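*Asks:*
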Amino acid sequence: MISREILAVAHWSDWVPLATAEAPASPGVYLARRGTAGPVVYAGMAGERQGKGLNGRLQRYTSGKALASGLGETVFDRALADPVWLRERLAEAEAGKPMRATGWGKAALAWADLHVCWTITESREAAIALEKKVLAVQTVDWWNRDR
16 MISREILAVA
26 HWSDWVPLAT
36 AEAPASPGVY
46 LARRGTAGPV
56 VYAGMAGERQ
66 GKGLNGRLQR
76 YTSGKALASG
86 LGETVFDRAL
96 ADPVWLRERL
106 AEAEAGKPMR
116 ATGWGKAALA
126 WADLHVCWTI
136 TESREAAIAL
146 EKKVLAVQTV
156 DWWNRDR
């Protein structure tokens, strides 16, 4: 559920699973929550990204190639803190089926079960400003490191 404060600052898209998200190729801000009805846990932004905008940013996460940035790093850190998740990765390695880093990133995202929604902005600068406004909401337990 999105708090009233966050709802008031923008018109947000419907929630969709991150794995199947087809966001616009425009700059904007996205929100992530756990599961279909879980709490909002993360806010991020995307600039133009070589004409790929929000869609390019979200696809970077689902490819497993964003382990060291933003949402990808946050999710990976939290998955690494889960002993059950770690045991599953260890069992795969011990069975002779170790994953590459991108596989670990994808496994961490599957573990988090994230759903996203977004709003479009006119520019990267507008997205940065809106992200700051959203992250200023004190009633959310943000996963964002910079919070």
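Each residue of the sequence shown is one higher than the one before, counting from 16 in the numbering used here. Think of the CB as a built atom: it goes at the ideal place given N, C-alpha and C, for glycine as much as any other residue. Please read all numbers here as calculations on a predicted model, not as lab measurements.
1) Who are the near neighbours of Gly50 in its chain, counting only those whose CB is closer than 6 Å to its CB and skipping five residues on each side?
2) When DSSP builds the beta bridges, which residues end up paired with Leu46?
3) Restricting to runs no shorter than 4 residues, where is the alpha helix (DSSP H) found entirely within the region 19-45?
4) Would you be able to state if there are at least three C-beta pairs under 8 Å between the region 64-75 and the region 98-107?
5) Report the three-state DSSP secondary structure of Gly111 (helix, strand or coil).
6) According to the neighbour-count rule (16 or more other Cβ atoms, all chains shown, within 10 Å of its Cβ), is Ser78 buried or exposed?
7) Check whether the Cβ atoms of Ala83 and Arg72 sit closer than 8 Å, and answer yes or no.
8) So is Ser138 buried or exposed if we call it buried at 16+ other beta carbons inside 10 Å?
9) In whole angstroms, what is the alpha-carbon distance linking Asn159 and Tyr45?
10) Out of Ile17, Ala116 and Leu124, point me to the one whose CA is closest to Trp27's CA.
11) In whole angstroms, what separates the C-alpha of Leu86 from that of Pro113?
*Replies:* Taking the coordinates as given:
1) Here residue 50 refers to the residue found at position 35 of the sequence shown. Answer for Gly50: Asp128, listed in chain order.
2) Counting from one through the sequence shown, the residue named residue 46 turns up at place 31. The partner list for Leu46 (beta bridge, DSSP) reads Ala58 and Cys132.
3) 19-24
4) no
5) Locating residue 111 in the sequence shown gives position 96, where the first residue counts as 1. Gly111 falls in the coil class under three-state DSSP.
6) Numbered from its first residue, the sequence shown carries residue 78 at position 63. Label assigned to Ser78: exposed.
7) Within the sequence shown, the letter at position 68 stands for residue 83. Within the sequence shown, the letter at position 57 stands for residue 72. No, these two residues do not count as a Cβ contact at 8 Å.
8) Here residue 138 refers to the residue found at position 123 when the sequence shown is read from its first residue. So Ser138 ends up on the exposed side.
9) Numbered from its first residue, the sequence shown carries residue 159 at position 144. Numbered from its first residue, the sequence shown carries residue 45 at position 30. Distance between the alpha carbons of Asn159 and Tyr45 is about 13 Å.
10) By 1-based counting over the sequence shown, the position of residue 27 is 12. Checked all of Ile17, Ala116 and Leu124; the closest Cα to Trp27 is Ile17.
11) Position 71 of the sequence shown holds residue 86. Position 98 of the sequence shown holds residue 113. Taking the straight line joining both Cα atoms gives about 23 Å.
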